[in-house]
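Below: the structure, in structure tokens.
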Ligand SMILES: Nc1nc2c(ncn2[C@@H]2O[C@H](COP(=O)(O)OP(=O)(O)OP(=O)(O)O)[C@@H](O)[C@H]2O)c(=O)[nH]1
Ligand SMILES: [Mg+2]
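Numbering (the numbering used here), first residue to last: 8 to 218.
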């Protein structure tokens, strides 16, 4: 099977509480995680374009639901991060409403839950995971900033963080700096998209037995 590639990536639109979501596409894959965990950087790395999504050393850069149209076919969606202490109460509330609106809309097919490989998951990370499980949204745990820990410890640290967040003990070490994990994540995205493009599974009937 030919490997999956991102040949084209373009910013499409930003959506806030007032709505205005774009037309549905065969697949919609969104990124969630703490502010500053590296969601926007991951999108840029996957798409090979450092200017696509806004990145900042100051947390709280992404405030809206940002849609990127990939290969003229499916969406990658950058979401605003949680756990941003400097946010006012009003801002926290509108963040919560926006996330709930988006995650319960039925639009999202798969979530990439990003955890910083260096830090233990927080209460909010665990809450987010519970939320995904409750709504039955398929997800993949990605352990970001893998370049910040020794190579020999990366896989173990990624797995440990997935486990501490409440997921099965497996996480994909990823670095937007070095591109580690990029190929694996691209292939995962490729298979999610091709599954979705095939449409609802034809219900395989019981094998016919000759009588
Ligand atoms: N060393 C290292 N730094 C990274 C990596 N990914 C992101 N960063 C840095 O982490 C900071 C935050 O990255 P963003 O991609 O803006 O994080 P975000 O999750 O989109 O943040 P919000 O939009 O605030 O929710 C920036 O200074 C990035 O350069 C990585 O893989 N390795
Ligand atoms: Mg961002």
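All C-beta atoms in this analysis are idealised placements derived from N, C-alpha and C, irrespective of residue type, glycine included.
- In this structure residue 46 does not touch residue 103 by the C-beta definition: roughly 17 Å separates them, more than the 8 Å allowed.
- The alpha-carbon of residue 10 is positioned some 45 Å away from that of residue 95.
- Ranked by how close their Cα comes to the Cα of residue 182, the residues 31, 50, 140 have 50 in first place.
- Within its own chain, the residues whose Cβ lies closer than 7 Å to the Cβ of residue 170, once the five positions on either side in sequence are excluded, are 176, listed in chain order.
- Note: residue 151 is bridge-paired with 123 in the DSSP secondary-structure output.
- The Cβ-Cβ distance between residue 200 and residue 81 falls below 9 Å.
- CA-to-CA, the gap between residue 153 and residue 187 works out to about 8 Å.
- Three or more beta-carbon pairs separated by less than 8 Å are not found between the region 157-166 and the region 12-28, which leaves the two stretches without contact.
- Per the DSSP secondary-structure output, residue 166 pairs with nothing in a beta bridge.
- Between ligand 2 and the CB of residue 60, the shortest heavy atom gap is smaller than 8 Å.
- No residue range can be given for residue 23, since it is assigned to no beta strand (DSSP E) and is classified by DSSP as neither H nor E.
- Not one heavy atom of ligand 2 lies closer than 8 Å to the C-beta of residue 90.
- Exclusion of the five residues before and after residue 28 leaves 22 as the residues of its chain whose Cβ lies within less than 6 Å of its Cβ.
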